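*Asks:*
Residue numbers (this note's numbering): 33 to 366.
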């Protein structure tokens, strides 16, 4: 069983470390940036985790075609904004049955589809059996590398596949649960990034823990409302890919989305975040995608709409707090 890892950013590198510690078999790694691969060849580690020495069973591969053709399992660890072109390129190289494991959270920006649905639609006409799974849930790459106890979910429509990935990654510090509510997991892990931007904004504006608690709680209600429209299970949003990921992302500067929101709150302006193409902030892309879907389907998403106005319409965050607070009063459970 040959494993190929595509993408050696922080999360890709962390999961590669888990795989290499769990198995003595060779694991092939590829990144579109050859400088990252050359750094690994020279230092036996990645610059992002230069204190950690990876196992000797990692093999650098500079050719995407080679890694796709030879691997039985492909772990794809790239931001959502790069997935469209990458998946189409991978499709052209597939020559046998594959298990593809995705770790990106969110929606594919061009098609506005959940990630596994997008990949499935691209590969549907291949004459091979392509199994799909995602690893989703609350986890910072740095803590995984440092062996901090972490729990995530192996998410697939097929329980057999979810269990296979669960066995592949589970160890004493990285515990993997199975989950078959794919749409619920994808919605939970995508929309939590939007709420995390909002959580950072209220902190940046100078509000306290009461405000953040209210935002997170009402954000969860909004996520469940969106998920219900697509047939997700309520129980999923109280699990690792829902509440767990939401709590983690909304409460620490380690979260890129929370940090971006905090910066927006401090500046009382969201334009610079949107225009900065050098930063990967999944919640910025997710906000536009979810806004478009909610408008088309008449889904009430006041927090998402407010953050959209800040990011894409130039509204001042300080003005929108009062707009949210002064909405018509209602029952909490609605």
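Positions of the beta carbon are idealized from the N, C-alpha and C atoms, including for glycine. Since this is a predicted model, take the numbers as computed values, not measurements.
#1: How should residue 166 be labelled, buried or exposed, when 16 other C-beta atoms within 10 angstroms of its C-beta is the threshold for buried?
#2: Skipping 5 residues on each side, what residues in its chain have a beta carbon closer than 6 Å to that of residue 347?
#3: Going along the chain, which residues of its own chain have a beta-carbon closer than 6 Å to the beta-carbon of residue 138, five neighbours each way excluded?
#4: Could you tell me which of 45, 126, 365 sits nearest to residue 10, measuring between CA atoms?
#5: Comparing alpha-carbon positions, which option in 253, 226, 164 lies nearest residue 291?
#6: Using the Cβ count rule (16 or more neighbours within 10 Å means buried), how would you classify residue 188?
#7: Would residue 41 and residue 169 be called neighbours here (beta carbons separated by less than 8 Å)?
#8: Flag this pair as touching only if the region 322 to 341 and the region 226 to 235 have three or more C-beta atom pairs under 8 Å; answer yes or no.
#9: In the structure shown, what three-state DSSP assignment does residue 313 receive?
#10: Pull up the distance between the alpha-carbon of residue 245 and that of residue 274, whole angstroms please.
#11: Below 8 Å on the Cβ atoms is my guess for residue 87 versus residue 52; work out the distance and round it to an integer in Å.
#12: Where does residue 213 land, buried or exposed, given buried means 16+ other C-beta within 10 angstroms?
#13: Span of the beta strand (DSSP E) holding residue 187?
#14: Measure the alpha-carbon distance for residue 73 versus residue 205 and round it to whole angstroms.
#15: Within the region 140 to 169, note down every full beta strand (DSSP E) run reaching 3 residues or more, in order along the chain.
#16: Could you compute how far the alpha carbon of residue 310 sits from the alpha carbon of residue 256?
#17: Whole angstroms are fine: how far does the CA of residue 130 sit from the CA of residue 160?
#18: Pairs of beta-carbons, one from the region 47 to 64 and one from the region 91 to 105, closer than 8 Å: are there three or more?
#19: For residue 304, count the other beta carbons within 10 Å of its own beta carbon; 16 or more makes it buried, fewer makes it exposed. Which is it?
#20: With 16 other CB atoms within 10 Å as the buried threshold, where does residue 321 fall?
#21: Taking only runs that begin and end inside the region 192 to 233, name each unbroken beta strand (DSSP E) of 3 or more residues, in chain order.
#22: Rounding to the nearest angstrom, what Cα-Cα distance links residue 197 and residue 184 in this structure?
#23: What does DSSP give as the partner residue(s) for residue 60 in the beta ladder?
#24: In the structure shown, what three-state DSSP assignment does residue 107 receive?
#25: What is the rounded straight-line gap between the Cα of residue 146 and the Cα of residue 259?
#26: Restricting to Cα atoms, I'd like to know which of 279, 234, 261 is closest to residue 252.
#27: Sort 134, 108, 293 by Cα distance to residue 231 and report the nearest one.
#28: If you measure between the beta carbons of residue 286 and residue 172, is that distance less than 8 Å?
#29: Suppose the cutoff is 6 Å on Cβ atoms and the five residues either side in sequence are ignored; what does the same chain contact list for residue 248 look like?
#30: Please state whether DSSP places residue 97 in a helix, a strand or coil.
#31: So, for residue 284: in the same chain, excluding its five sequence neighbours on each side, which residues have a beta-carbon less than 7 Å away from its beta-carbon?
*Replies:* Straight from the coordinates:
#1: Within the chain shown, the letter at position 134 stands for residue 166. By the neighbour-count rule (16 or more Cβ atoms within 10 Å), residue 166 is buried.
#2: As a position in the chain shown, residue 347 is number 315, starting the count at 1. Correct list, in chain order: 341.
#3: Within the chain shown, residue 138 is the residue found at index 106, counting from 1. So the list reads 112, 222, 314, 318, once near-sequence residues are dropped.
#4: With the chain covering only 33 through 366, there is no way to say anything about residue 10.
#5: Indexing the chain shown from 1 puts residue 291 at position 259. Measuring from the Cα of residue 291, the nearest candidate turns out to be 226.
#6: Counted from its first residue, the chain shown places residue 188 at position 156. Looking at its Cβ environment, which holds 16 or more other Cβ atoms inside 10 Å, residue 188 is buried.
#7: The count along the chain shown starts at 1 and reaches residue 41 at position 9. The count along the chain shown starts at 1 and reaches residue 169 at position 137. No, the pair does not count as a contact, with Cβ atoms beyond the cut-off.
#8: yes
#9: Position 281 of the chain shown, counted from the first residue, corresponds to residue 313. Note: residue 313 maps to coil in three-state DSSP.
#10: Sequence index remark: in the chain shown, residue 245 carries index 213 (1-based). Sequence index remark: in the chain shown, residue 274 carries index 242 (1-based). Residue 245 and residue 274: Cα-Cα distance of roughly 16 Å.
#11: Residue 87 sits at position 55 when you count from the first residue of the chain shown. Residue 52 sits at position 20 when you count from the first residue of the chain shown. Going by Cβ atoms, the distance from residue 87 to residue 52 rounds to 4 Å, so yes, they are a contact pair.
#12: Translated into positions along the chain shown, residue 213 becomes position 181. With 16 or more other Cβ atoms within 10 Å, it is buried.
#13: To locate residue 187, count along the chain shown from 1; it is residue 155. 182 to 187 is the span of the beta strand (DSSP E), which, as asked, contains residue 187.
#14: Residue numbering aside, residue 73 sits at position 41 when the chain shown is read from its first letter. Residue numbering aside, residue 205 sits at position 173 when the chain shown is read from its first letter. Approximately 27 Å between the Cα atoms of the pair.
#15: 162 to 168
#16: Position 278 of the chain shown, counted from the first residue, corresponds to residue 310. Position 224 of the chain shown, counted from the first residue, corresponds to residue 256. For residue 310 and residue 256, the distance between alpha carbons rounds to 31 Å.
#17: On the chain shown, residue 160 is found 128 positions in, with the first residue counted as 1. On the chain shown, residue 130 is found 98 positions in, with the first residue counted as 1. Cα to Cα, the separation comes out at about 8 Å.
#18: yes
#19: Position 272 of the chain shown, counted from the first residue, corresponds to residue 304. Answer is exposed; the Cβ neighbour count stays below 16.
#20: Position 289 of the chain shown, counting from 1, holds the residue named residue 321. Buried.
#21: 206 to 211
#22: For the purposes of this step, residue 197 is taken as the residue at position 165 of the chain shown. For the purposes of this step, residue 184 is taken as the residue at position 152 of the chain shown. Going by the C-alpha atoms only, they are around 11 Å apart.
#23: In the chain shown, the residue the question calls residue 60 occupies position 28. Partner(s): 36, 91.
#24: Within the chain shown, numbered from 1, the residue matching residue 107 stands at position 75. Here residue 107 sits in strand by DSSP.
#25: Translated into positions along the chain shown, residue 146 becomes position 114. Translated into positions along the chain shown, residue 259 becomes position 227. Rounded to the nearest angstrom, the two C-alpha atoms are 12 Å apart.
#26: Here the question's residue 252 lines up with position 220 in the chain shown. With distances taken between Cα atoms, residue 252 lies closest to 279.
#27: As a working note, residue 231 is residue 199 in the chain shown. Among 134, 108, 293, the Cα nearest to that of residue 231 belongs to 293.
#28: Counting from one through the chain shown, the residue named residue 286 turns up at place 254. Counting from one through the chain shown, the residue named residue 172 turns up at place 140. Going by C-beta atoms, residue 286 is nearer than 8 Å to residue 172.
#29: The residue you call residue 248 lines up with position 216 of the chain shown. Around residue 248: 282.
#30: In the chain shown, counting from the first residue as 1, residue 97 sits at position 65. The answer is helix: DSSP assigns residue 97 an H, G or I state.
#31: Mapped onto the chain shown, residue 284 falls at position 252. Cβ neighbours of residue 284 beyond the five flanking positions: 290.
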